[in-house]
Amino acid sequence: MAGFDKRVYSYEEAMAGLEDGMTVISGGFGLCGIPENLIAEIQHRGTRDLTVVSNNCGVDGFGLGVLLVDRQIRKVVASYVGENKLFEDQLLKGEIEVVLTPQGTLAEKMRAGGAGIPAFFTATGVGTPVAEGKETREFNGREYLMETAITGDFAIVKGWKADWYGNVIYRHTAQNFNPLAATAGKITVVEVEEIVAPGELDPTQIHTPGIYVDRLICGRFEKRIEQRTVRA
Amino acid sequence: MALTREQMAQRVARELQDGYYVNLGIGIPTLVANYVPEGMEVMLQSENGLLGMGAFPRADEIDADMINAGKQTVTARTGASIFSSAESFAMIRGGHIDLTVLGAFEVDVQGNIASWMVPGKLVKGMGGAMDLVAGAENIIVTMTHASKDGESKLLARCSLPLTGAGCIKRVLTDLAYLEIANGAFVLKERAPGVSVEEIIAKTAGELVVPDHVPEMQF
Chain D
25 MAGFDKRVYS YEEAMAGLED GMTVISGGFG LCGIPENLIA EIQHRGTRDL
75 TVVSNNCGVD GFGLGVLLVD RQIRKVVASY VGENKLFEDQ LLKGEIEVVL
125 TPQGTLAEKM RAGGAGIPAF FTATGVGTPV AEGKETREFN GREYLMETAI
175 TGDFAIVKGW KADWYGNVIY RHTAQNFNPL AATAGKITVV EVEEIVAPGE
225 LDPTQIHTPG IYVDRLICGR FEKRIEQRTV RA
Chain S
13 MALTREQMAQ RVARELQDGY YVNLGIGIPT LVANYVPEGM EVMLQSENGL
63 LGMGAFPRAD EIDADMINAG KQTVTARTGA SIFSSAESFA MIRGGHIDLT
113 VLGAFEVDVQ GNIASWMVPG KLVKGMGGAM DLVAGAENII VTMTHASKDG
163 ESKLLARCSL PLTGAGCIKR VLTDLAYLEI ANGAFVLKER APGVSVEEII
213 AKTAGELVVP DHVPEMQF
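Chains as they are written, first to last, in the numbering used here: chain D, 25 to 256; chain S, 13 to 230.
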């Protein structure tokens, strides 16, 4: 590996250095645009006491849900966690801690984390349980809540195409939290469907510039659909 | 007669204007998309990162990378754009959405809304609801006027944990269209065949009843 070539050739190599107790930020919304093979690798490694930051926590047996099977997750920061029986079970038994975070605040926490902004003020959550214990301040006659940034020891990201310098393009709504997660990892690992030579992607179309990406791997994806809805 | 879900959606659709960017919540709000008036163009925002949500796909068009905020497979209409979650919530929090329609468990005379958490029951999360109510100027809440047991959902003070404080000004129930002003509900329209007395009986918070309350038009 030389220069800006971010490619790695095994999932083991992609997640090397992940240790018990670390924080992992994951892209994805529901099961759309999740780094499914990187998650499977974390399951395979058996890493424990993880803090997982992600909009959702997968479903039983797929996505981040697979990390619940052997209780690898200690704490989840998410906006919605409802699709998962095992999760409910561990939550009700007090085996897992959940910090429910408004979706826009979660996105902004990642964005801020990646941009070196330690905290920001938002109207979201003022006067609700989300505001408990948090500093508030008035700007222009309205009350705002201080929310702090999130960074991860690892960020795991699912892209569509990338060049081997790590410039990434996402496909359709599989973009979601991925470009934000990509900025907020000490080590950012991106898995994509196709890796091309530098110069093949149009620089004006890049969503995540390669500077954020530490490791890049090409994978095969099941892309499971959560709610298959069709019109006649 | 209390309004059906479809009639509620039809009434909300009367608040649409040509050129509006609209966010529709899950349930009755979603049905509003079926009643966009002929010749009017609105753009639906889905908070997972899609502006210009189209119809559900045909079976041969299904794409796992193309979903809405309810995690359903969707299509994008002509002129749509797709972006990250931070961009999506910048639109929402920055007040760029012209109309937001969402459901609730309770609203009160101070414009507070509770829609995400019932203590003692499993809490699944607020998703984007807190961002939507905090960021939007123009919000319509749709819900039944009372619970199945007859308990009013229009209260002097919300009993459930809030989604947002002081942010709701308009409520459409199955019985009435109301506005919230100066610490009271103001009865603006009643559902066809529903008496003012029934609405008064089922509204727990202070209710201002004008001399004439017109029947709702669709």
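For every residue, glycine included, the Cβ atom is placed at its ideal position computed from N, Cα and C.
Nonlocal neighbours in the same chain, by C-beta distance under 8 Å from residue i, ignoring five residues either side
{"i": "L169(D)", "result": "F145, T146, A147, T148, G149, V150, V154, A155, K158, E159 and T160"}
{"i": "E132(D)", "result": "F144, T146 and E171"}
{"i": "V48(S)", "result": "A25, L28 and V54"}
{"i": "T85(S)", "result": "F68, P69, I74, D75, A76, M78 and I79"}
Three-state secondary structure (DSSP) of residue i
{"i": "Y32(S)", "result": "coil"}
{"i": "S50(D)", "result": "strand"}
{"i": "S127(S)", "result": "coil"}
{"i": "R37(D)", "result": "Note that residue 37(D) is Glu in the sequence shown here, rather than Arg. Correct three-state label for E37(D): helix."}
{"i": "R249(S)", "result": "Residue 249(S) is absent from the structure shown; chain S starts at 13 and stops at 230."}
{"i": "A76(S)", "result": "coil"}
{"i": "V121(S)", "result": "coil"}
{"i": "R239(D)", "result": "strand"}
{"i": "E191(S)", "result": "strand"}
{"i": "A179(D)", "result": "strand"}
{"i": "E99(S)", "result": "helix"}
{"i": "Q22(S)", "result": "helix"}
{"i": "V154(D)", "result": "helix"}
{"i": "L174(S)", "result": "coil"}
{"i": "I305(D)", "result": "Shown here, chain D extends from 25 to 256; a query on residue 305(D) therefore has no answer."}
{"i": "F145(D)", "result": "strand"}
{"i": "T253(D)", "result": "coil"}
{"i": "T71(D)", "result": "coil"}
{"i": "T160(D)", "result": "strand"}
{"i": "T111(D)", "result": "In the sequence under discussion, the amino acid at residue 111(D) is Phe, which differs from the Thr named in the question. In the structure shown, F111(D) sits in a helix (DSSP, three-state: H, G or I)."}
{"i": "I63(D)", "result": "helix"}
Chain D contact for residue i (CB, 8 Å cutoff)
{"i": "A98(S)", "result": "yes"}
{"i": "G106(S)", "result": "no"}
{"i": "G217(S)", "result": "no"}
{"i": "R70(S)", "result": "yes"}
{"i": "L199(S)", "result": "no"}
{"i": "Q57(S)", "result": "no"}
{"i": "M142(S)", "result": "yes"}
{"i": "V135(S)", "result": "yes"}
{"i": "N194(S)", "result": "no"}
{"i": "I79(S)", "result": "yes"}
{"i": "D120(S)", "result": "no"}
{"i": "M13(S)", "result": "no"}
{"i": "F101(S)", "result": "yes"}
{"i": "T85(S)", "result": "yes"}
Own chain, CB closer than 6 Å to residue i, minus 5 neighbours either side, in chain order
{"i": "R135(D)", "result": "L204"}
{"i": "L15(S)", "result": "D186 and A203"}
{"i": "I38(S)", "result": "G82"}
{"i": "T125(D)", "result": "V101 and S103"}
{"i": "L240(D)", "result": "K30, R31, A186, G190 and V214"}
Whether residue i touches residue j by CB criterion (8 Å)
{"i": "R182(S)", "j": "G147(S)", "result": "no"}
{"i": "V83(D)", "j": "E250(D)", "result": "yes"}
{"i": "K133(S)", "j": "G106(D)", "result": "no"}
{"i": "E215(D)", "j": "N61(D)", "result": "yes"}
{"i": "G41(D)", "j": "I235(D)", "result": "no"}
{"i": "W128(S)", "j": "T175(S)", "result": "yes"}
{"i": "V44(S)", "j": "A21(S)", "result": "yes"}
{"i": "F201(D)", "j": "F53(D)", "result": "yes"}
{"i": "G140(S)", "j": "S96(S)", "result": "no"}
{"i": "E218(S)", "j": "V121(S)", "result": "yes"}
{"i": "D113(D)", "j": "R72(D)", "result": "no"}
{"i": "I97(D)", "j": "L74(D)", "result": "yes"}
{"i": "V34(S)", "j": "T154(S)", "result": "no"}
{"i": "V231(S)", "j": "L199(S)", "result": "Because chain S is modelled from 13 through 230, residue 231(S) falls outside the range shown and cannot be assessed."}
{"i": "F178(D)", "j": "G223(D)", "result": "no"}
{"i": "E210(S)", "j": "E227(S)", "result": "no"}
{"i": "M13(S)", "j": "V225(S)", "result": "no"}
heavy atom of the ligand GTP below 7 Å from residue i C-beta
{"i": "I151(S)", "result": "Among the ligands in the structure shown, none appear at all, so the ligand GTP cannot be discussed."}
Supposed contact pair residue j and residue i - C-beta distance, whole angstroms, cut 8 Å
{"i": "I219(D)", "j": "W184(D)", "result": "The Cβ separation is near 11 Å, so there is no contact."}
C-beta neighbour in chain S for residue i, strict 8 Å
{"i": "V77(D)", "result": "no"}
{"i": "G57(D)", "result": "yes"}
{"i": "M25(D)", "result": "Legend: pLDDT at M25(D) = 48, less than 50; position of this residue unreliable, no value from coordinates given."}
{"i": "R161(D)", "result": "no"}
{"i": "L74(D)", "result": "no"}
{"i": "G183(D)", "result": "no"}
{"i": "H196(D)", "result": "yes"}
{"i": "P142(D)", "result": "no"}
Close Cβ partners of residue i (< 7 Å) along its chain, the five nearest in sequence each way excluded
{"i": "K214(S)", "result": "H157, A158, S164 and L187"}
{"i": "A173(D)", "result": "K133, A136, G137, I141, P142 and A143"}
{"i": "P41(S)", "result": "V113, L114, G115 and T154"}
{"i": "M39(D)", "result": "L62, E65, I66, R69 and V213"}
{"i": "E246(D)", "result": "E60"}
{"i": "C56(D)", "result": "T197, A198 and N200"}
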